[in-house]
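Engineer: Start counting the sequence shown at 74; every next residue gets the next number (the working numbering).
Cβ coordinates follow ideal geometry from the N, Cα and C atoms, glycine included.
Next up is a structure, given as structure tokens.
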Amino acid sequence: MSPEPTLTARHEDGLEIPLLVWRLAEPLLAISSAALGGGIGVRHWVVNATVPMSYRRDDPDVHLTELAAREGLDGPGIGLLTGVDVAEVVSAEDGGVRAWATVGLGDPIWAAAPPADAPAAPGTVNIVVRVPVRLSVAALVNAAATATEAKAQALWDLGLPATGTSTDTISILCVADGPEAAYGGPRSEWGAPLARAVHAAVRKGGGTGQGSGMPWSDRLL
């Protein structure tokens with residue numbers, strides 16, 4: 074996986090809209106909750122795309138596939154959408170684990186809450202993590218839970234009574250071959266640095282402009 078994603082842009086609806094692209098040096102094994110490439114499998118790239126608040130497409134997987142094709146990305150990948158400016162991506166590294174986050178907090182919620190009468194406000198936290206060893210499938214599942222817990226801890230540290238937003242995603246990528254690490258929990262060899270890296274990235278992102286809840290397209294007004 075590239076040390077840092079490449080920031081580019083695409084022209085849509087009369088706007089130049091930012092796009093982050095991770096071009097993987099080699100295919101990686103991933104677990105993801107993304108609209109495109111979700112599930113568990115080998116992935117060749119990751120895209121995190123800003124969309125304006127006027128976005129109304131009901132086929133995000135198709136849209137993300139189109140964006141990947143424009144970037145010349147081949148093979149299966151992971152595609153993410155967010156209303157915040159992906160140019161403000163933040164990253165953190167701990168013990169060889171690297172985490173990137175775009176942090177939109179316009180609609181912080183508790184996961185377990187009464188049904189809402191009003192539609193959800195804009196807000197998405199997209200987290201991408203790279204682990205430098207092979208994780209077992211069970212460890213990948215555990216690592217996704219660990220990352221979610223670390224995100225919730227970061228929001229608490231930011232003073233937000235919330236566990237996240239209603240549209241957050243987690244994507245964990247690891248080496249596709251080699252000896253498997255069996256665990257990904259917060260006190261495991263690789264889960265512990267993963268938790269610290271995710272916590273640092275989300276906390277930093279939540280304290281910047283992108284964590285204010287202002288969508289990217291609102292800044293154009």
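(1) For a test of the three-state rule: what should DSSP assign to Trp263, helix, strand or coil?
(2) Use the C-beta contact count for Leu294: other C-beta atoms within 10 angstroms, 16 or more gives buried, fewer gives exposed.
(3) Secondary structure at Val210, three-state DSSP: helix, strand or coil?
(4) Only counting runs of 3 or more residues, tell me where the beta strand (DSSP E) segments fall wholly within the stretch 89–137, in order along the chain.
(5) Just to confirm my understanding: we take Thr221, look at its own chain, exclude 5 residues before and 5 after, and list those with CB closer than 7 Å. What are they?
(6) Measuring only the C-alpha atoms, how far is Gly179 from Leu213?
(7) From which residue to which residue does the beta strand (DSSP E) around Val163 run?
(8) Once DSSP output is grouped into helix, strand and coil, what is the label at Thr242?
(9) Trp118 and Arg83: beta carbons closer than 7 Å?
(10) Opposite Ala254 in the DSSP bridges: which residues?
(11) In the DSSP assignment, find the beta strand (DSSP E) that holds Ser151 and state where it starts and stops.
(12) Considering only C-alpha positions, which residue in the set Gly114, Ala211, Thr79, Lys224 is nearest to Trp183?
Structural biologist: According to the data block:
(1) Taken through DSSP and simplified to helix, strand or coil, Trp263 comes out as coil.
(2) Confidence at Leu294 is low in this model, with a pLDDT of 45, below 50, so the placement of that residue is unreliable and no value is reported for it.
(3) In the structure shown, Val210 sits in a helix (DSSP, three-state: H, G or I).
(4) Qualifying beta strand (DSSP E) stretches, in chain order: 112–123.
(5) Answer for Thr221: Ile243, listed in chain order.
(6) Separation of Gly179 and Leu213 (C-alpha to C-alpha, rounded to the nearest whole angstrom) is 29 Å.
(7) Bounds of the beta strand (DSSP E) holding Val163 are 163–167.
(8) Thr242: strand per DSSP, three-state reduction.
(9) Their beta carbons are not under 7 Å apart, which means Trp118 does not touch Arg83 by this criterion.
(10) Its beta-bridge partners are Leu208.
(11) Looking at the sequence shown, residue 151 is not Ser but Ile. 151–155 is the extent of the beta strand (DSSP E) around Ile151.
(12) It is Lys224 whose Cα lies nearest to the Cα of Trp183.
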